[in-house]
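Undergrad: Mapping of the sequence shown onto my numbering: residues 26 to 191, in sequence order.
Even glycine gets a Cβ: it sits at the ideal position worked out from N, Cα and C.
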Amino acid sequence: MRPVDGAAFASGPIDVAAKAPEGAHLELDGKAAEGAQVEQPFPGVLHAKLAAEPGEHVVALVWPGGRAQVRVFVGDNPPDGFKPFHTHPPPDGIDCAQCHGLSRRGRFRFQGDCFACHTDEQFTAKHPHAKHVLEQCGMCHNAHGSTADALQLYPRETACRQCHSL
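#1: Where are the beta strand (DSSP E) runs, 3 residues long or more, that stay fully inside the segment 50-114, in chain order?
#2: How about the segment 103-110 and the segment 43-52: do they share at least three Cβ pairs that are nearer than 8 angstroms?
#3: Quick one: using the 10 Å Cβ neighbour count with 16 as the cut-off for buried, is Ala28 buried or exposed?
#4: For Ala77, which of Gln187, Cys188, Arg132 and Val99 has the nearest alpha-carbon?
#5: Compare the Cα-Cα distances from Gly55 to each of Glu182, Gly48, Val83 and Ala73 and report the closest residue.
#6: Are Met26 and Val87 close, meaning C-beta to C-beta below 8 angstroms?
#7: Going by C-alpha distance, which of Gly31, Gln187, Leu71 and Ala35 is nearest Gly48?
#8: With DSSP run on the structure shown, which of helix, strand or coil describes Arg130?
#9: I need the boundaries of the alpha helix (DSSP H) containing Asp145, first residue and last residue.
#10: Considering only C-alpha positions, which residue in the set His113, Cys162, Ala93 and Gly80 is nearest to Gln136?
#11: Could you give the residue range of the alpha helix (DSSP H) that holds Ala184?
#12: Could you work out which residue in Val63, Pro68, Gln177 and Leu178 is closest to Ser128 when comparing CA atoms only?
#13: Compute the Euclidean distance between the alpha carbons of Cys165 and Ala58, then round it to the nearest angstrom.
#14: Here's the rule I'm using: 16 or more other beta-carbon atoms within 10 Å means buried, otherwise exposed. How should Cys124 be labelled?
#15: Using only the alpha-carbon positions, how far apart do Pro19 and His169 sit?
#16: Thinking just about the alpha-carbon of each residue, which of Gly80, Leu176, His189 and Ala85 is nearest to the one in His113?
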């Protein structure tokens with residue numbers, strides 16, 4: 026689910042994207058997210074913009090037999106444990122279908138090509154490997170957003186250890 030736990034936003038709304046089992050719904054602070062702009066761009070996926078007043082909140086994805094939740098903060102001066110959440114800045118006019126689609130089995134999956142927007146020069150300036158080695162950008166980056174620099178999932182040392190023993 027996006028955003029990640031401990032995400033801080035300067036202002037609302039809270040933009041939520043999640044893989045959602047059948048019958049799932051979103052809650053904000055324990056209440057159904059009524060009046061929110063909730064859409065289902067693909068089967069099994071929810072996208073919503075939740076209006077939230079300044080302060081700490083709990084965003085939950087609830088489904089029969091399960092629940093996933095994250096703590097978020099909206100407003101200036103987030104308390105300890107919260108970090109600014111940075112989203113991947115898609116250009117205007119780009120939507121989920123630019124990078125995602127349905128597989129032949131009807132499953133939602135990434136089908137985009139990060140290099141359709143990011144140039145070889147940008148990539149090689151920051152990465153020690155040729156791009157064919159790291160074509161799975163999602164091994165290290167979360168394109169939907171992160172509280173870490175460069176939308177990273179891990180610190181650089183941890184990312185390198187996924188393939189290398191240091």
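TA: This is what the structure gives:
#1: 50-53, 62-64, 70-75, 80-88 and 91-99
#2: no
#3: Sequence inspection shows Pro at residue 28; the Ala mentioned does not correspond to that position. Buried, since its Cβ has 16 or more Cβ neighbours within 10 Å.
#4: Val99
#5: Val83
#6: no
#7: Leu71
#8: coil
#9: Asp145 to Lys151
#10: Cys162
#11: Arg181 to Arg186
#12: Pro68
#13: 32 angstroms
#14: buried
#15: Since the first residue of the chain shown is 26 and the last is 191, residue 19 is not available in this structure.
#16: Leu176
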